[in-house]
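Participant: This is the structure, below, for whatever I ask next.
Numbering (mature numbering (1 follows the signal peptide of the UniProt record, and there is no 0)), first residue to last: -19 to -1, 1 to 256.
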């Protein structure tokens, strides 16, 4: 039973919190778990312990002698916190915090007191860092400039923190001066959107890819397009048509002239006119 509980707690940490030591990366808009474990072999009597989660002087969650005591809970945490009651006896005081936002980026302390102890014990200190997944990037060709250069646009949004944009042309990095990126932040959610423009001279078939990198989540999202110079293809088609048209036109003219000459000879024969 104890082993099963440990595995469950590990999975919760892994999927919701992605903690590295005491640092906790939490997805904005979702829930996360702030870990706190009191390592004692024997089962705890809930009626004799008190647990308090604090951020600076603000009470995030309080549990006193067998039940939650939330009368002094900070306003921004009301209806957003939860202890795992079935795990408290085993010393798991981890706190579930829902609807993560930028305002939750702070240090949280887990404090434990048990009857018989002279003072409270600071068990854990967790630094919560918010993050958000970027949407799948959309890559489109914007147009062709007067100089025959193609422009590609890559856009993505709803992410945090600021992203890094990587362009590749046939697997190679384009020159720095061919890329121009703009990042904007929504005033309410603090989430970022990015738009990047790549300008390149296309003379052959190319594969253009755009990657949005979120360093905090160690996450890369990539989209790609295949493009061939339409201008070159159109010109080639026009030249070919002109050549073919010239050949066909010359042939028809030659036929018409031949027919006219034949009719002229026949007319002269009937009229007895020497040619």
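Even glycine gets a Cβ: it sits at the ideal position worked out from N, Cα and C.
Within the stretch 85 to 167, note down every full beta strand (DSSP E) run reaching 3 residues or more, in order along the chain.
Facilitator: List check, beta strand (DSSP E) in window: 88 to 95, 102 to 112, 119 to 125, 130 to 140, 145 to 150, 160 to 166.
Participant: When the distance is taken between beta carbons, is residue 76 closer than 9 Å to residue 85?
Facilitator: Against a cut-off of 9 Å, the Cβ pair of residue 76 and residue 85 comes out as no contact.
Participant: Under a Cβ-count criterion, where at least 16 other Cβ atoms within 10 Å of its own Cβ denotes burial, should residue 154 be classed as buried or exposed?
Facilitator: exposed
Participant: Mind reading off the beta-carbon distance from residue 150 to residue 181? Whole number of angstroms is fine, and I expect it under 8 Å.
Facilitator: 6 Å
Participant: Could you check how far apart the C-beta atoms of residue 199 and residue 117 are, in whole angstroms? I think they sit under 8 Å.
Facilitator: The Cβ separation is near 17 Å, so there is no contact.
Participant: Provide the residue span of the alpha helix (DSSP H) that contains residue 203, from first to last.
Facilitator: Counting along the chain, residue 203 falls outside any alpha helix (DSSP H), though it belongs to the beta strand (DSSP E) covering 200 to 208.
Participant: What residue from 197, 41, 74, 47 has the CA that sits closest to residue 7's CA?
Facilitator: Nearest of 197, 41, 74, 47 to residue 7, Cα basis: 197.
Participant: Could you give the distance in angstroms between the alpha-carbon of residue 101 and the alpha-carbon of residue 33?
Facilitator: 10 Å
Participant: If we ignore side chains and look at the alpha-carbon of each, how far apart do residue 61 and residue 187 end up?
Facilitator: 50 Å
Participant: For residue 50, does the three-state DSSP call read helix, strand or coil?
Facilitator: coil
Participant: Where residue 223 and residue 176 are concerned, what is the direct C-alpha to C-alpha distance, given to the nearest angstrom?
Facilitator: For residue 223, the predicted model reports a pLDDT of 37, less than 50, meaning its position is unreliable and no value from the coordinates is stated.
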